[in-house]
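The listed protein sequences derive, respectively, from chains A and B. Counting along the first sequence from 1, when you hit position 104 you're at 253 in my numbering, and nothing is skipped either side. Counting along the second sequence from 1, when you hit position 267 you're at 416 in my numbering, and nothing is skipped either side. Don't be surprised by glycine CBs; every beta carbon is placed ideally from N, CA and C.
Number of protein chains: 2
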Amino acid sequence: MTNAPNNRPEETLDPQDWDAMRALGHRMMDDMLDYLQNVRERPVWQPVPEEAKANLSRPLPDDPQSAESVYADFKRDVMPYPMGNIHPRFWGWVIGTGTPLGVMADMLSAMMNVNVGGGAHAAPHVEAQVIEWCKQMMGFPAGASGVLVNGASMANFVALNVARNAHSGFNVRQDGLQGHTPRLRVYASIQAHTCIQRAVELLGLGRSNLCSVPVNADYQMDITALEQMIAADRAAGHQPLAIVGTAGTVNTGAFDDLQTLADIAERENLWFHVDGAFGALAAITPDSRHYAAGMERANSLAFDLHKWMYVPYDVACVLVRDRDQHRQAFSVSPDYLSHTERGVSGIDLWFTDYTVELSRSFRALKVWMSIKEHGIEKYGRLIQQNIDQTRYLAGLVDAEPKLERLAPAPLNILCFRYVVPGMDDAALNAFNEELLIRLQESGVAAPSNTRLNGRYAIRVANTNHRSRREDFDLLVQTVVQLGDALAAEQR
Amino acid sequence: MTNAPNNRPEETLDPQDWDAMRALGHRMMDDMLDYLQNVRERPVWQPVPEEAKANLSRPLPDDPQSAESVYADFKRDVMPYPMGNIHPRFWGWVIGTGTPLGVMADMLSAMMNVNVGGGAHAAPHVEAQVIEWCKQMMGFPAGASGVLVNGASMANFVALNVARNAHSGFNVRQDGLQGHTPRLRVYASIQAHTCIQRAVELLGLGRSNLCSVPVNADYQMDITALEQMIAADRAAGHQPLAIVGTAGTVNTGAFDDLQTLADIAERENLWFHVDGAFGALAAITPDSRHYAAGMERANSLAFDLHKWMYVPYDVACVLVRDRDQHRQAFSVSPDYLSHTERGVSGIDLWFTDYTVELSRSFRALKVWMSIKEHGIEKYGRLIQQNIDQTRYLAGLVDAEPKLERLAPAPLNILCFRYVVPGMDDAALNAFNEELLIRLQESGVAAPSNTRLNGRYAIRVANTNHRSRREDFDLLVQTVVQLGDALAAEQR
């Protein structure tokens, strides 16, 4: 086992020529800032050419290539073909925009390359600081705990794991679910995000135990139906576990009535979780915080920072009201992770006790630097601006007879379609799908799509700090233009 | 719902002064390269001063602060206090080192700020390329699938979720575990990483159904014990589900006999998963690939790229032999994620169908750029170099009468202690704990610790491309020096 080492000379992955690497780094920095500064001049999106795809399908390289030529490959095959969400007229899905300092923060984070699982170094303090700020933003009490994860899917999963472990009345970690007879039931509206379904499936609860509550005309959870479902489940011998409220549904931006859900959860002794992936951020706006009322009563809350806090991918936050419950759902203490009073492992900030991962990147840094750079009040104004812009767009759509709004738009999401008189819903669906694709292909704007009551909708989700009202003017003009042209083709 | 917008002027988070932001960016680039180039001149680790901690405990800022002053705060309170793993003499836990181009790649990734959940843009092609390379590196067949995640904990969790869903013989996603009577049993050695326990708990299987198989003197899973446990479980009416082999245990770097485990899994019709967090990379070395033999027969394999591929945090890979099983364990298709033939959502590369997250950062870029920069053969030599250096260290320890090796060191991990003649194990444990802390506080080197059969071990895990043999000479000298001094104090 202790063979003499061979005689290969020792190598490293560090540059042989640091000056050349430095020159390359400065070129990248300039290119990066040009890329962001001039984004408005480029198309929102363009397809990846076949040649670039071919270049991105090469065999595993045995031999090295200079850093400069690797970067040249990146500039040729990758950089010109982004998703588009940094552009002022990208409003697809719900995707943030990023900022220059956020980008640089990711470089600094990779430079330090720390593991924020825990230990006595600065990064865990930065993450703890960010968590405290998140608690203040969301009105969570001082005793709450939290952790940064890589997205709201994971944040919701972490929260529901705490619910399952802390609120089911038996030792799930030790015994598993198989020996427990009454089915654990989770309630969420049919408009809840699929990551709730995924979390329920991953946790072994089974999606048949995710009770999909109908919604009212405003796409909010139907409270009467919820109460009836809970009562029926109790009568059937099931065990209601948790209510999941949504702060900002992905389809229409609807908020469930969180105060009432909190009341019901309290009365029924259920865990109250809120999925606030983007909508939770309404809580820091000057004019829209009332939507989030009741959210601060939740046992757990999940929300993204890479969406409506405009921080580069990837970072989200989960908050849990009871720190002990949070810790007890995850903590493990193997020999090789023992904590000490002094030295590298000497700190009582082990985030690994609160989430799935042991290796954790320094994603807290970009949040910390961003919030410091702008101050939280400006974030509140920007988020409000996106809401106001969406209302402005709603006004434009409502004023244009060729367009039809398909749902209320309380927040930052608007669903609409182009209407051809006399065309039925099935034909309109196909028509609007083609129209949306042409809009994306034009490079002018990139909304995404959804279906509401079977009707295909062009869906604008505005979490973009670069958008201006004139961008929404251009959107409506272009949709009408493309719609007219398409209708003429099909006539 | 469509109130007239208020009259606030429109704002953005983009810089008001792009030239100033550019100047700051270039300063950061220089500082970053200085930080990496001169890392050898600094202490491995130093504690965070109380003043910095106080500065990292401030209230949520309402008001903005210039980007320059945010960076000054970072340079004062954060940058000087890293964990230490980028330093040539950091060998704690198992943590990679990073490279300058890897750091820059993270900046470029944050610049593009794409969501690699899916869609028609370049990044999913880059990730697909990296997955193909990983399959080639690990000897997985062309039909296998894979996805990048943020660490081996998640990679193991994803793999075991596929095992649970694809191999349990019932519809776990739909029905959950509660209705299924025979207990699903997972087998792993007592030296397996705790993330296996965590995955089993998260999946709802219960850690009482994680069967801890004893190990032999080389810390490898005891095959006879495994076979007996499986037989006993079948006799008791349980349902054996999966064997988890370890390629490189965290305590000593031991490899389970993967060929034999593959044979047993085949014969018993069990899922065969390999946790190869760092050890899987032995497969690409010139002289140590035999350790990993049999790994390529696994149904699923988890390994990190931020450890022994030296890529900055965070990125790991999970491979699954059967693409359909992988996809069926995760895929969901809500209305707002419908895929099309053309436009932004027009591509058949939706990684969201293969993992937990819908929002996914462009972590593939740093892997793609790094492998291109160095070529895979150099990675193989570097990993072998770490193994050879560890054998060199083993020779130094074995030759030093004051030091005692505590376990075989087949790979890149060495466990040893300083021995004071006449001192019993309990006293030696306390002695070596203090010795390790003093070593870390000296700034000379940072191993971590573990316990082996109750004995406290100073544990060196070498995944460091900056280490040289002379660093291990200095380690041994310093440990002996500090040990002598401590022994003299206690005499």
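Inter-residue CB distance, residue i and residue j (contact presumed, cutoff 8 Å)
i      : j      : result
B/E583 : B/Y605 : About 10 Å; that fails the 8 Å criterion.
B/L250 : B/E522 : 5 Å
A/D502 : B/T599 : Not really, about 18 Å apart at Cβ, beyond 8 Å.
A/V481 : B/R347 : 6 Å
B/F511 : B/S258 : 4 Å
B/V546 : B/R540 : In fact, because the Cβ distance is near 11 Å, the residues do not count as touching under 8 Å.
B/Q533 : B/P435 : 6 Å
A/A431 : A/S437 : 5 Å
A/S449 : A/R470 : 7 Å
A/M303 : A/A465 : 7 Å
Per-residue burial, residue i [other beta carbons within 10 Å of its own, 16 or more giving buried]
i      : result
A/S494 : buried
B/R416 : exposed
B/G386 : exposed
B/T373 : exposed
B/E445 : buried
B/A548 : exposed
B/G529 : buried
B/R566 : buried
A/E506 : buried
B/R615 : buried
A/A380 : exposed
A/G267 : buried
B/H475 : buried
A/I641 : In this structure chain A extends from 150 to 640, so residue 641 of chain A is not present and cannot be described.
A/A153 : Low confidence applies to A/A153: its pLDDT is 45, below 50, so where it sits in the model is not reliable enough to give any reading.
Where the beta strand (DSSP E) through residue i begins and ends
i      : result
A/E553 : L552 to R554
B/F580 : Where B/F580 is concerned, there is no enclosing beta strand (DSSP E), although the alpha helix (DSSP H) it sits in stretches over D574 to S591.
B/Q388 : Q388 to T395
A/S294 : S294 to V298
B/S338 : L333 to S338
A/D463 : Careful: A/D463 lies outside any beta strand (DSSP E) and carries neither H nor E.
Span separating the alpha-carbon of residue i from that of residue j
i      : j      : result
B/I235 : A/G544 : 55 Å
B/D463 : A/R176 : 25 Å
B/A513 : A/E200 : 20 Å
B/T343 : B/G397 : 14 Å
A/F580 : A/Q477 : 53 Å
B/N365 : B/L560 : 17 Å
B/D633 : B/G603 : 23 Å
B/M420 : A/L563 : Here residue 420 of chain B is Trp; the residue named in the question, Met, does not match the sequence. Using only the alpha carbons, I get a separation of about 46 Å.
B/P290 : A/L162 : 29 Å
B/V393 : B/A442 : 15 Å
A/A271 : A/A556 : 47 Å
A/M260 : A/L390 : 44 Å
B/M178 : B/K224 : 13 Å
B/A254 : B/R608 : 32 Å
A/H274 : B/D537 : 37 Å
Host alpha helix (DSSP H) of residue i (start-end)
i      : result
A/S302 : A301 to H316
B/S710 : Past the boundaries of the shown model lies residue 710 of chain B; chain B is included only from 150 to 640, so the question cannot be answered.
B/D537 : I525 to A548
B/R347 : T343 to L351
Short CB-CB distance (under 8 Å) between residue i and chain E
i      : result
A/I244 : Structure shown: chain E not included; protein chains present are A and B.
What residues from the segment 576 to 598 of chain B come within 8 Å of chain A, judged by C-beta to C-beta, listed N to C? E582, L585, I586, Q589, E590, A595, S597 and N598
Report the residues of the segment 460 to 477 of chain A with a CB closer than 7 Å to any CB of chain B, ordered along the chain. P461, Y462 and D463
Mind listing which residues of the segment 543 to 556 of chain B have their C-beta closer than 8 Å to chain A's C-betas, in chain order? A543, G544 and D547
Residues of the segment 383 to 415 of chain B whose Cβ lies closer than 9 Å to any Cβ of chain A, in chain order: V399 and N400
When you check each C-beta in the segment 301 to 325 of chain A against every C-beta of chain B, which residues fall closer than 9 Å? A301, S302, M303, F306, N310, R313, N314, N320, V321, R322, Q323, D324 and G325
Relative to chain B, which residues along the segment 497 to 512 of chain A have a C-beta separation below 8 Å, given in chain order? V505, E506, L507, S508, R509, S510 and F511
Along the segment 230 to 242 of chain A, what residues have a CB closer than 8 Å to any CB found in chain B? Y230, P231, M232, G233, N234, I235, G241 and W242
Could you please tell me which residues of the segment 165 to 194 of chain B, in chain order, have their CB closer than 8 Å to any CB of chain A? W167, M170, R171, L173, G174, H175, M177, M178, D179, M181, L182, Y184, L185, Q186 and W194
Closer than 8 Å between beta carbons: that is the criterion. Which residues of the segment 280 to 298 of chain A meet it against chain B? E281, W282, Q285 and M286
Positions along the segment 200 to 211 of chain A whose CB lies within less than 8 Å of some CB in chain B: A201, K202, L205, S206, R207, P208, L209, P210 and D211
Chain-ordered residues of the segment 427 to 444 of chain A with a beta carbon less than 8 Å from chain B: D436
Note down, in chain order, all residues in the segment 253 to 265 of chain A with a beta-carbon under 9 Å from any beta-carbon belonging to chain B. M253, A254, D255, M256, L257, S258, A259, M260, M261, N262, V263, N264 and V265
Relative to chain A, which residues along the segment 330 to 346 of chain B have a C-beta separation below 9 Å, given in chain order? T330, P331, R332, L333, H342, T343, C344 and Q346
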